[in-house]
Amino acid sequence: MWRDKLHYLGRLLSLVLLMAVIGILIIAFIRNRNKRQEPPPLERGPARLDDQILAITEGYQYVSSINGKPRFKVIAAKDISYVSGRHELEKLELTGYDNEGKENGRIKADKGDYQQDKELVLFNGNVIATNTDGLEVTTQALKYDTKNDIANSEVAVNFKRDNLNGSSNGATLHVKEKKLALVKDAHVIITSKTPNSPPLDLKGDKAEYLQLDGLVKFTGNAQVTQGEQFGKADAIAGFYRKNSDKLERVEARGNGYLKSQEKGKNQEIVARDLDFFFDDNQRLLKAIATGKAVARSLEKDAPRELAAERIEANYKPQDKVSEITSLVTNGRTTMKITPVEKNEKNAERVLEADAANVTYHPGGKYLAKAEVNGNAVLTVTPLVATPKSETKILRAPKFVADFYEAGNDIKTFLAETNATAEFIPMQPDKKRAKRTLTGSKMTATFEPTGQEVVEIVVDGNAKMDEGERHATAAKSSYLASTRTILMRGKPQLWDNVARTDAQEVDANIESGESFARGRVRTTYYSKETTNGAAPFKKNNAPVFVSSDRATFRHRESAAKYEGNARAWQDDNFIRGDVLELDNGERTLVATGNAQSAIYSFEREVEPGKKEIVPVFGAAEQIHYFDSNRLVRYTNKVKIRQGTDQIDSVKAEVTLDQDYKMTHFVAQQEVVLTQPQRTGKGNQLEYTAASDEAVLTGNLATIEDREHDAMSKGARLTLHLRDAKITANDEGGTKRVKTVHRIKKRS
14 MWRDKLHYLG
24 RLLSLVLLMA
34 VIGILIIAFI
44 RNRNKRQEPP
54 PLERGPARLD
64 DQILAITEGY
74 QYVSSINGKP
84 RFKVIAAKDI
94 SYVSGRHELE
104 KLELTGYDNE
114 GKENGRIKAD
124 KGDYQQDKEL
134 VLFNGNVIAT
144 NTDGLEVTTQ
154 ALKYDTKNDI
164 ANSEVAVNFK
174 RDNLNGSSNG
184 ATLHVKEKKL
194 ALVKDAHVII
204 TSKTPNSPPL
214 DLKGDKAEYL
224 QLDGLVKFTG
234 NAQVTQGEQF
244 GKADAIAGFY
254 RKNSDKLERV
264 EARGNGYLKS
274 QEKGKNQEIV
284 ARDLDFFFDD
294 NQRLLKAIAT
304 GKAVARSLEK
314 DAPRELAAER
324 IEANYKPQDK
334 VSEITSLVTN
344 GRTTMKITPV
354 EKNEKNAERV
364 LEADAANVTY
374 HPGGKYLAKA
384 EVNGNAVLTV
394 TPLVATPKSE
404 TKILRAPKFV
414 ADFYEAGNDI
424 KTFLAETNAT
434 AEFIPMQPDK
444 KRAKRTLTGS
454 KMTATFEPTG
464 QEVVEIVVDG
474 NAKMDEGERH
484 ATAAKSSYLA
494 STRTILMRGK
504 PQLWDNVART
514 DAQEVDANIE
524 SGESFARGRV
534 RTTYYSKETT
544 NGAAPFKKNN
554 APVFVSSDRA
564 TFRHRESAAK
574 YEGNARAWQD
584 DNFIRGDVLE
594 LDNGERTLVA
604 TGNAQSAIYS
614 FEREVEPGKK
624 EIVPVFGAAE
634 QIHYFDSNRL
644 VRYTNKVKIR
654 QGTDQIDSVK
664 AEVTLDQDYK
674 MTHFVAQQEV
684 VLTQPQRTGK
694 GNQLEYTAAS
704 DEAVLTGNLA
714 TIEDREHDAM
724 SKGARLTLHL
734 RDAKITANDE
744 GGTKRVKTVH
754 RIKKRS
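14 is the number of the first residue of the sequence shown in the working numbering; add one for each residue after it.
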């Protein structure tokens, strides 16, 4: 773009060449006049007070030649020469010729004045200087210092050539140094030869050209405008290739600014300094912005802003224009992509790093790839915060972001080392905490609209953190469609309550649940971390649970273990097809082929001597309630105490703080089986304090095979301490059918 603007500065070279010709013509004219060659006849006039007229010549014409070839020619309506050596010419025309005798420049003026004592030549009134290239310079006064070879004008100077025209309030030419200065309000307008192309307008407080240095420079509020394109800086300078009028580079120094409102390329660049480099065909190759550089695309469908200490843009020359291909930055870099329309579907993308290398899709409008290095960060923030919206922050020492073909939308993110992805809820929610994924390598895929993360894959040392919940694995994947993080390769899941190992772990972000499969094993750090839901005695000892699979409802502090589920502490256990442990409700439920060994039975075998007998239970379901330390058995209940067994449809056991049975009730189809006796009834109730079991039913029966006796009654009481059975009616009136001694069991 700068090529289209600034390579025209090369045409100012013609102005300098003309001014140099002017100087050469004047020098030659003066030197030849001083040789006093034979002039035409002189017409003397009256002497002036300050000087005496030596001669007056009307219709003056003089040609200076070398080897038969003209060097210059002077034509004037009148020439007045003075004794002092001063000459006054009226209506003069000075023509210069090159070494081949061809005309190369001409000066016209109403008056000319040569002051020999001051070594000055003055042109006054309608001064017009032209050369054979078609360049014309006009002014009202032109002064030439023959001693120092300096030509200058202190009044307005206008110039034009072909499609170039300009002006300046004053101009100075140092002939020896080949230096031209436009002193004040320098202004150059270049009209394009391309149809319908706007003119190029260059302005500055002043301008200068240093031919020996190949430099043309506008300083002081320097500006360049062409149609919808505008640039400015404290100074704009063009440098030419040696011995050429081809532009090599352009420098904009101090408060550099460039803006294009061209359709499809609406953009601006701000920096302390701007540099532009061109090829031999004056086509832009490179642009460098230095010093708090900011490059912005202002297109609605291609928004972006890039800021860095230094931005280098590389271009590929085309037939008519140069197309941007890449950007390279140094210093802390920020690239911001903010959609113009603010809605729930759009998100702002910000890339940050110590350096970046950005490439473009063909056409130069949309980004293709960004390679960022050094503390690299990608932040995706929805423009409208909703209860479900999250800010995504991806970090790594370096990463590569690929973009979709349009819209500057990120397609994929790849970080090869030590990557982190953070998901931060935009609205406060106790159920949703900040979520973090880390790992050795991370690949993320984004959807084109809204820039939601579709998938994140972490390879190597994968870790997830969400509040007090954590997980590790060899590999993890986040799937936005199911809001689930999949942990694979020896995954481990833990929080402040427990740690779980499995072959696979899935964490659902939406529901706050985790799913573990394959050789699931959970270690609760202690019974206390289960909030008492585990029915085991030792508060500070760990509790273990294993199963084929498990579901953890973290927000409810609940877990469900399925398939060969078993929970244990030391020798105590509870198992089933399914185990459900609820820390909040402080309960544990075993369902399907449930078994338990979680409490003991204490019996006095002889005075002063007690025996602790573990109690084993089985049922279709076992339900433990920690609030009252109650164990409930349901369907196909079997309770075994040593050699005794109780079968029933349901049963309840009440435990003391040491997890010893204090009270037991079995109901429906109750069968008590001992080695030598069997009891049947509708209910069996045992109280440890009295060591009595009451069997009720219509009628309850106890068959004693050892004594070949049977007892029946609505209520039968087994006095276990003295091995006695008592039968009573429901009202408590003694109605004994059989009373006999039962041998004590050893």
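Ideal Cβ placement from N, Cα and C applies to all residues, glycine included.
Are the beta-carbon atoms belonging to residue i and residue j less than 8 Å from one another?
i, j, result
"Y491", "A511", "no"
"L271", "E264", "no"
"S335", "L297", "yes"
"V626", "I652", "no"
"N474", "G502", "no"
"L6", "G118", "Any property of residue 6 remains undetermined from this structure, which presents the chain solely from 14 to 759."
"T543", "L506", "no"
"T399", "E465", "no"
"V650", "A679", "yes"
"S560", "E575", "yes"
"R317", "I350", "yes"
"T449", "D472", "no"
"D292", "A300", "no"
"A315", "G420", "yes"
"V168", "T152", "yes"
"H567", "G597", "no"
"V644", "V662", "no"
Ordered along the chain, which non-local residues of its own chain (more than five positions away) have a Cβ less than 7 Å from that of residue i?
i, result
"R532", "A515 and Q516"
"T700", "H676"
"T394", "A360, E361 and T404"
"I35", "Because I35 carries a pLDDT of 47, less than 50, the predicted location of this residue cannot be relied on, and no value is offered for it."
Check each candidate in the options and name the one with the smallest Cα separation from residue i.
i, options, result
"G233", "K197, T204, F243 and D286", "K197"
"D218", "Q236, I203, P212 and G227", "Q236"
"Y672", "V341, V96, R588 and I611", "I611"
"V467", "Q153, T497, R534 and V371", "T497"
"A4", "T143, V470, F289 and A706", "The structure shown has nothing for residue 4, since the chain only spans 14 to 759."
"A432", "D442, P438, L155 and R408", "R408"
"I120", "D111, N112, E113 and F136", "F136"
"D214", "A194, S180 and G227", "S180"
"Q239", "H187, M348 and Q274", "Q274"
Going by beta carbon distance, what residues of the same chain come within less than 6 Å of residue i, once the five residues before and after it are set aside?
i, result
"K693", "V684 and T714"
"K160", "E132"
"K313", "V353"
"L223", "K192"
"N279", "L311 and E312"
"R642", "L668"
"P461", "Y417 and D422"
"H200", "G179, S180 and K216"
Should residue i go down as buried or exposed, given a rule of 16 or more other Cβ atoms within 10 Å for buried?
i, result
"R718", "exposed"
"P504", "buried"
"S570", "buried"
"Q670", "exposed"
"L364", "buried"
"V150", "buried"
"D286", "buried"
"S640", "exposed"
"R445", "buried"
"S166", "buried"
"E418", "exposed"
"T70", "buried"
"E221", "buried"
"D175", "exposed"
"G227", "buried"
Return the Cβ separation of residue i and residue j in integer angstroms, given the expectation that the two are a contact with Cβ distance under 8 Å.
i, j, result
"S436", "E403", "Reading off the sequence shown, one finds Phe at residue 436, where the question assumed Ser. Going by Cβ atoms, the distance from F436 to E403 rounds to 5 Å, so yes, they are a contact pair."
"K550", "N585", "7 Å"
"T342", "A369", "5 Å"
"A563", "A529", "4 Å"
"S527", "F557", "Not a contact, Cβ separation roughly 18 Å."
"V229", "G251", "5 Å"
Please work out which residues of its chain come closer than 8 Å, Cβ to Cβ, to residue i, disregarding the five sequence neighbours upstream and downstream, and give them in chain order.
i, result
"R99", "D64, D126, Y127, Q128, Q129 and D130"
"T765", "The requested residue 765 is not part of the displayed model; the chain covers only 14 to 759."
"A554", "S539, K540, Q582 and D583"
"K411", "A366, E384, V385, N386, G387, A389, A428, E429 and T430"
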